[in-house]
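Asks:
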Amino acid sequence: MDVVIYPHPSLRRGGKRVETFDQALRDTAKQMFDAMYVQRGVGLAAPQVDIDLALLVLNPTGERGQSDQEMALVNPKIISRKGKEWGEEGCLSFPGIYGEVERSTRVVLAYQDLGGDEHEFVATDFLARVIQHEIDHIEGVVFTDRMS
């Protein structure tokens, strides 16, 4: 599984709502984690690997051995936001490009896990930034759209 590079069309298509929670979805998430770690990323959305699903994987440590930090979020949706902060971002689909992006410092997120169970949690600071960046990919938005 390879990460696509901008201006690949899947980066603007975004991802469709996941309706089927099966072994194929779990396998896709595992392959996405592998691709993310190979590229030394902390997050990866399905459109970045040319898959049109509302699925993202992340590990804020970026370390393969830290599986307790891994999260696979299906059909993620931000239900509330607080605070604003500018910070530098990069993207695996834009190698070598970095820029300042304003993001919320706290988000409440609703999502489903790989089994289809629904969850909510609060993310702050760096984790909140990663989640917002990856949800943008699911919505067909790339970080350069938000750069100052």
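Heads up, the working numbering is the position in the sequence shown plus 195, with the first residue counted as 1.
Note that the Cβ used here is the ideal one computed from N, Cα and C, for glycine as well.
Tell me which residue opens and which closes the alpha helix (DSSP H) that SER205 is part of.
Replies: For this step, residue 205 is matched to residue 10 along the sequence shown. Per DSSP, SER205 belongs to the alpha helix (DSSP H) from 205-208.
Asks: Give me the Cα-Cα distance between GLN261 and ARG324, rounded to the nearest whole angstrom.
Replies: Residue 261 sits at position 66 when you count from the first residue of the sequence shown. Residue 324 sits at position 129 when you count from the first residue of the sequence shown. Distance between the alpha carbons of GLN261 and ARG324: 19 Å.
Asks: Would you kindly check if the distance between the Cβ of LEU309 and the Cβ of ALA249 is under 9 Å?
Replies: Position 54 of the sequence shown, counted from the first residue, corresponds to residue 249. Position 114 of the sequence shown, counted from the first residue, corresponds to residue 309. In this structure, LEU309 does not lie closer than 9 Å to ALA249 by Cβ.
Asks: In chain order, what residues of the same chain have a beta carbon less than 6 Å from the beta carbon of GLY236, not counting five sequence neighbours either side?
Replies: As a position in the sequence shown, residue 236 is number 41, starting the count at 1. So the list reads LEU287, once near-sequence residues are dropped.
Asks: Suppose you measure from the CA of VAL213 to the CA of GLU258; what does that come to, to the nearest Å?
Replies: Translated into positions along the sequence shown, residue 213 becomes position 18. Translated into positions along the sequence shown, residue 258 becomes position 63. Taking the straight line from one Cα to the other gives about 27 Å.
Asks: Note the first and the last residue of the continuous beta strand (DSSP E) segment covering LEU268.
Replies: Here the question's residue 268 lines up with position 73 in the sequence shown. Its beta strand (DSSP E) spans residues 266-277.
Asks: Assuming the contact rule is C-beta atoms closer than 8 Å, VAL296 and GLY282 should be a hit. Round their C-beta distance to whole Å, please.
Replies: As a first step, residue 296 is located in the sequence shown; it is residue number 101 there, counting from the start. As a first step, residue 282 is located in the sequence shown; it is residue number 87 there, counting from the start. Between GLY282 and VAL296 the Cβ distance is about 7 Å, and since that is below 8 Å, they are a contact.
Asks: Does TYR295 come out as helix, strand or coil in the three-state DSSP assignment?
Replies: The residue you call residue 295 lines up with position 100 of the sequence shown. Note that residue 295 is Glu in the sequence shown here, rather than Tyr. Residue state, collapsed to three classes: strand.
Asks: Is DSSP giving PHE316 helix, strand or coil here?
Replies: Within the sequence shown, the letter at position 121 stands for residue 316. Here PHE316 sits in strand by DSSP.
Asks: Can you give me the start and stop residues for the alpha helix (DSSP H) that LEU248 sits inside?
Replies: Counting from 1 along the sequence shown, the entry for residue 248 is found at position 53. No alpha helix (DSSP H) holds LEU248; DSSP gives it neither H nor E.
Asks: What is the C-beta distance between LEU251 and ALA241, in whole angstroms, given that I count them as a contact (C-beta under 8 Å)?
Replies: To locate residue 251, count along the sequence shown from 1; it is residue 56. To locate residue 241, count along the sequence shown from 1; it is residue 46. Indeed they touch by this definition, with Cβ atoms about 7 Å apart.
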